[in-house]
Each structure stands twice: as C-alpha cells, then as structure tokens.
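Engineer:
Residue numbers (the numbering used here): 2 to 195.
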C-alpha cells in the first residue's frame, strides 16, 4: 500500500499534511496506538529535516507498507545543485566539532549534502568519518547510499553512541537510508511493526 504523495516546497504550509498522512496510514492499516504513535514520531523527525533539505529543490513525501514493514519516503529533486556552497557543506564536518554536525538528524542531512558534492571529494576532508562509516556500496539502485545502521555498526565513539541513544529516529527506526541517483536524493526511514 502507498499513501497519498505530498508535494513539498520550501513553504512550511506543505509540511502540515505529512502528519495527516501518517495518521491516515495508521488507521487504514489498523495499527495499534503504540505503532501509530511511533509512525507519527518518525514522520515528525523527518519534518524537522525538511526546511534545510528543501533549500536545494522540491520534493515529495509518502509512506509505503507491505504487511508489517513500513517505509517513510522523502524524495528530493535537487534543482539548485550548482548553488550548493561546497565549502559551507564541508566546513560543517571538517573538524567534527561544529555544532551543526552533531545529532543524528543533522548527520542524516549532512550525509545528503555530502553526497550531492560527491563522495570522492567529501572523503578527502577531516571529520567526515560518520559519513564514511555509513557508506554502502551497490545498495539497491543508488549511485551512493548512506545507512544509519551501517554507521551504528561501524562507530565505537562514545560521543556518537550518546547521540544515537538520545535520537528518536535512531531509536525507533530499523534503518535510515540516504541514497542518490543523478540529482535525485531519497531518504527512506524503515520500520517493521512485527
């Protein structure tokens, strides 16, 4: 089953329909209260990332499920690729100490931005170890893909584990995958309610 597709622009008004889609999906699929709440929380975590992600273009949001397996999708069509300030993106992660590079949601957003400027170029800079630890080769149809689970499996840094423990999306989602095909970027939050 696939929910309605919500069109996304920089307008905050577009974001108001997203929680409604999560609620409709929960009701339609007879999710219990705990499952519905988790689906809504994951949706709200995605909404928090949207204002910065939509600086590069427009997008769509939808929810898919097959049985108990759910995926929340944000697909971005990057229209302003050449307007991405590469130095700004790379400075976010350069030392690993910049406040903008802390937190799981920001790491997901930064992974997307780093993919847009190119993995080879991004991997030359210091402080992008979270990005390199989450990279997956040949995942689905993506040119590049970054996985929160891959990052969790690779990291042994206490600060990173503290961030993961505090993050709603890291605790509730089974995985978060950021993938790129051409100038399209997908963020897929996976959750199995079995």
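Even glycine gets a Cβ: it sits at the ideal position worked out from N, Cα and C.
Taking contact to mean 3 or more Cβ pairs, one atom from each stretch, closer than 8 Å, check whether the stretch 154 to 165 and the stretch 33 to 42 are in contact.
Structural biologist: no
Engineer: Taking all protein chains shown into account, decide if residue 13 is buried (16 or more other Cβ within 10 angstroms of its Cβ) or exposed.
Structural biologist: exposed
Engineer: State the beta-bridge partners of residue 177 as determined by DSSP.
Structural biologist: 190
Engineer: Give every residue of the same chain whose Cβ lies closer than 7 Å to the Cβ of residue 1, excluding the five residues on either side of it in the sequence, and list them in chain order.
Structural biologist: Any property of residue 1 remains undetermined from this structure, which presents the chain solely from 2 to 195.
Engineer: Give the DSSP bridge partners of residue 162, in chain order.
Structural biologist: Per DSSP, none; premise fails for residue 162.
Engineer: Label residue 26 either buried or exposed according to how many other C-beta atoms from any shown protein chain fall within 10 Å of its C-beta, with 16 as the threshold for buried.
Structural biologist: buried
Engineer: Would you call the stretch 150 to 160 in contact with the stretch 26 to 35, where contact means no fewer than 3 C-beta pairs closer than 8 Å?
Structural biologist: Here the stretch 150 to 160 does not lie against the stretch 26 to 35, with fewer than 3 beta-carbon pairs under 8 Å apart.
Engineer: If you drop the 5 nearest sequence neighbours on each side, which residues of the same chain put their C-beta closer than 6 Å to that of residue 18?
Structural biologist: Residues of the same chain with a CB within less than 6 Å of the CB of residue 18, apart from the 5 flanking positions on each side, are 7 in chain order.
Engineer: Looking at the secondary structure, which residues open and close the alpha helix (DSSP H) in which residue 5 lies?
Structural biologist: Segment: none, residue 5 is in no alpha helix (DSSP H) and carries neither H nor E.
Engineer: For residue 132, tell me which candidate among 180, 173 and 73 has the shortest Cα-Cα distance.
Structural biologist: 180
Engineer: Would you give the residue range spanned by the beta strand (DSSP E) that residue 29 belongs to?
Structural biologist: From DSSP, residue 29 is part of no beta strand (DSSP E) but of the alpha helix (DSSP H) over 18 to 29.
Engineer: Taking the straight line between their C-alpha atoms, what separation do you get for residue 130 and residue 187?
Structural biologist: 21 Å
Engineer: Taking the alpha carbon of residue 73 as the point to measure from, which residue in 173, 137 and 107 has its own alpha carbon closest?
Structural biologist: 173
Engineer: Per DSSP, residue 75 is paired with what?
Structural biologist: Beta-bridge pairing links residue 75 to 62 and 188.
Engineer: Could you please give me the residues that DSSP links to residue 137 through a beta bridge?
Structural biologist: In the DSSP assignment, the residues bridged to residue 137 are 146.
Engineer: Residue 67 by DSSP, collapsed to three states: which one?
Structural biologist: strand
Engineer: Which two residues bound the contiguous alpha helix (DSSP H) that contains residue 50?
Structural biologist: 34 to 54
Engineer: Give me whichever residues DSSP pairs with residue 182 in a beta bridge.
Structural biologist: Note: residue 182 sits in a beta bridge opposite 185.
Engineer: So is residue 58 buried or exposed if we call it buried at 16+ other beta carbons inside 10 Å?
Structural biologist: buried
Engineer: Can you tell me the Cα-Cα spacing of residue 117 and residue 56, whole angstroms?
Structural biologist: 13 Å
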